[in-house]
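**Q**
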Amino acid sequence: MHCREASVGGAGGCGVVKGLCTTLAVCAWLFTGCTGDERPNVVLVILDTTRADHFSAYGYPRATTPGFDAFAERAILFERAFATSSWTVPSHASLFTGLYPMTHGATQESQYLSEEAETLAELLAADGYETAAFSNNAWVGEKTNLTQGFGYVGEMWRERGHGQAMRTNRAVMEWLDARDRDRPFFLFVNYIEPHWTYSAPRAWQDRFLGPGVTPAQRKRANFGVVDWYLDRSRVPDGLLPIRTALYDAELAWVDSALGELLELLRNRGLEDSSLVVVASDHGENLGDNDHQGHSFALYDSTLRIPLAIRPPGGGGAGSLRRDPVQLTDVFHTIASAAGVAPGDTRSVGEDLLAGPLPDERPVVAEYYYPAQFLSYFPEPAREGPGLAPFRRRIRSLRVGPHKFIWGSDGRHELYDVEADPGETRDLAASAPAVAGRMQEALEILVERYGADTAPPAPRDGVLDPETEATLRELGYLR
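Here the sequence shown is numbered in this note's numbering, starting from 1 and rising by one per residue.
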């Protein structure tokens with residue numbers, strides 16, 4: 001049954017009942033989040049920099065994600081979900097447009113989404129949705145145009161320091177309580193806490209660190225990603241398990257914020273009237289394939305992401321899907337639920353609530369020339385031989401058990417990711433026929449979706465001091 005909720009601070013609404021409500025909380029309790037509109041609300045939460053294999057819902061032995069796990073029991077859990085890139089900007093752009101990075105162009109080479117792109121927020125706003133974005137990541141905001149189409153943008157990252165996620169939750173609740181109750185809403189939230197530096201409160205760190213780990217060891221294990229690539233011999237092997245524990249602590253910490261947000265939605269009666277999606281934009285390397293952070297590579301440690309979707313009313317609760325899906329599918333799933341159709345025919349993806357997808361469907365990811373990340377290195381190293389293997393573009397294509405990684409420098413890789421999920425045995429030389437077929441298929445996709453082979457011209461303009469300071473804290477600037 002649908003009802004009309006009381007307006008807050010606006011004309012119309014509850015009339016006599018509104019006068020009887022002594023507090024906003026009572027109004028929220030009396031009116032369970034219903035609107036006169038039959039379309040569902042949409043809640044999209046991104047847990048930035050979280051890798052699926054560190055979620056307890058996916059079998060990780062540490063209890064890192066009880067909040068996500070509880071939500072997955074009320075939702076559909078996707079076991080094989082993948083990002084379209086290993087970095088924030090291209091992955092969010094794919095999420096919001098349904099396009100591959102090769103099509104939308106917001107990549108490592110040009111960290112800006114074109115104004116000509118048609119975003120999910122624009123589609124929903126044009127169809128009557130109230131839209132709001134709350135971002136803890138400076139890369140997800142007006143400077144990169146990733147918030148194009150949102151009627152309200154809360155750049156929460158401007159309030160730096162511990163507890164960003166909890167502050168974001170308070171801001172989200174204030175917005176929900178003040179919104180137009182006669183319209184469905186699209187709410188987007190980005191939590192950044194799992195991102196380096198891994199600095200969860202001490203009590204959270206103690207849950208995952210073994211006994212006897214000193215403050216000095218914690219500090220040393222939180223080394224910068226640039227330092228790893230400059231001289232990884234200076235990082236003793238004993239620090240890597242500590243670093244992983246610090247990452248897990250951050251994941252558990254932000255999971256508690258996710259759990260709080262979802263509980264607040266349930267308490268307001270909004271979960272059953274909403275399509276709720278929880279995912280990530282990319283993962284994180286913790287020594288995997290000799291990498292740290294999420295630059296320079298397209299291994300599954302940065303591409304396999306958590307994904308759980310709860311349809312309005314909770315259909316399919318507790319089910320597990322093993323078909324291969326990716327972030328562009330989330331775009332189409334939300335658009336379909338809201339009853340809107342994208343106008344860009346280059347959009348790729350499927351409505352995930354329409355049923356399982358074929359095991360052999362192609363899954364694509366891209367990482368463009370990393371000029372932005374290379375700029376963080378000191379001048380001599382930037383052009384030196386140590387970083388030479390990373391001065392290239394790479395793309396990956398997954399079809400069935402095989403994953404092919406193409407390099408613009410001619411260095412290609414092939415893995416059987418079912419037999420070798422850690423991607424430790426490169427089969428490109430021993431299975432050239434398979435590698436050749438995969439490369440040909442990737443070339444067809446690139447031709448079809450219109451990748452530009454030349455780096456785009458840099459955009460004019462500079463970062464404002466606040467954005468620059470935040471990116472420096474995150475290790476993006478030196």
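Ideal Cβ positions, reconstructed from N, Cα and C, are used throughout, including at glycine. Please read all numbers here as calculations on a predicted model, not as lab measurements.
#1: Would you kindly work out how many angstroms separate the C-alpha atoms of residue 61 and residue 50, rounded to a whole number?
#2: Could you pull the DSSP bridge partners for residue 293 from this structure?
#3: Can you tell me whether residue 309 is buried or exposed, with buried defined as 16 or more other CB within 10 angstroms of its CB?
#4: Based on the DSSP secondary-structure assignment, which residues constitute the bridge partners of residue 367?
#5: Can you confirm whether the segment 282–298 touches the segment 266–273 when touching is taken to mean that 3 or more C-beta pairs between the two stretches lie within less than 8 Å?
#6: In the DSSP assignment, find the unbroken alpha helix (DSSP H) run with residue 219 in it and report its ends.
#7: From the DSSP output, in three-state form, read off residue 28 for me.
#8: Compute the beta-carbon to beta-carbon distance between residue 342 and residue 115, rounded to the nearest angstrom, for a pair I have assumed lies under 8 Å.
#9: Per DSSP, what are the beta-bridge partners of residue 326 in this structure?
#10: Can you tell me whether residue 152 is helix, strand or coil according to DSSP?
#11: Which stretch, first to last residue, makes up the alpha helix (DSSP H) that contains residue 92?
#12: Any chance you could list the alpha helix (DSSP H) runs of at least 4 consecutive residues sitting entirely within the segment 216–275, in chain order?
#13: From the DSSP output, read off the bridge partner residues of residue 131.
#14: Check the C-beta distance from residue 120 over to residue 334 and give it rounded, since I have them as a contact under 8 Å.
#15: Buried or exposed for residue 359, please, with buried defined as at least 16 other CB atoms from any protein chain shown within 10 angstroms of its CB.
#16: Considering only the alpha carbon of each residue, which of 403, 377 and 63 lies closest to residue 229?
#17: How big is the Cα-Cα spacing for residue 481 and residue 224?
#18: Under DSSP, the beta strand (DSSP E) around residue 104 begins and ends at which residues?
#19: Going by the DSSP bridge assignment, what does residue 483 pair with across the sheet?
#20: Among 56, 391 and 353, which one has its Cα closest to the Cα of residue 69?
#21: Anyone know if the C-beta pair for residue 234 and residue 227 falls short of 9 Å?
#22: Provide the residue span of the alpha helix (DSSP H) that contains residue 447, from first to last.
**A** Reading from the atomic positions:
#1: If I take the Cα positions, the gap works out to 16 Å.
#2: For residue 293, DSSP records a beta bridge to 285.
#3: Label assigned to residue 309: buried.
#4: 394, per the DSSP bridge assignment.
#5: No, they do not touch.
#6: In the DSSP assignment, residue 219 falls within the alpha helix (DSSP H) that extends over 215–221.
#7: Caution is warranted here: a pLDDT of 35 is assigned to residue 28, below 50, making its placement in the model unreliable, and the coordinate value is therefore given only provisionally. Residue 28 falls in the helix class under three-state DSSP.
#8: Cβ-Cβ separation between residue 342 and residue 115: approximately 17 Å, too far for a contact (criterion under 8 Å).
#9: Looking at the DSSP assignment, residue 326 forms a beta bridge with 82.
#10: Of the three classes helix, strand and coil, the one that applies to residue 152 here is strand, per DSSP.
#11: Looking at the DSSP string, the run of the alpha helix (DSSP H) that includes residue 92 is 88–97.
#12: Unbroken alpha helix (DSSP H) stretches of 4 residues or longer found wholly inside the segment 216–275: 225–230 and 239–267, given in chain order.
#13: Partner(s): 186.
#14: Yes, they are in contact, since the Cβ atoms of residue 120 and residue 334 sit about 6 Å apart, within 8 Å.
#15: Per the 10 Å Cβ criterion, exposed.
#16: The shortest Cα separation from residue 229 among 403, 377 and 63 belongs to 377.
#17: Residue 481 falls outside the range modelled here, since the chain spans only 1 to 478, and no answer is possible.
#18: Careful: residue 104 lies outside any beta strand (DSSP E), inside the alpha helix (DSSP H) at 101–104.
#19: Residue 483 is absent from the structure shown; the chain starts at 1 and stops at 478.
#20: Per the C-alpha coordinates, the member of 56, 391 and 353 positioned closest to residue 69 is 56.
#21: Going by beta carbons, residue 234 and residue 227 fall inside the 9 Å limit.
#22: Element bounds for residue 447: 432–448.
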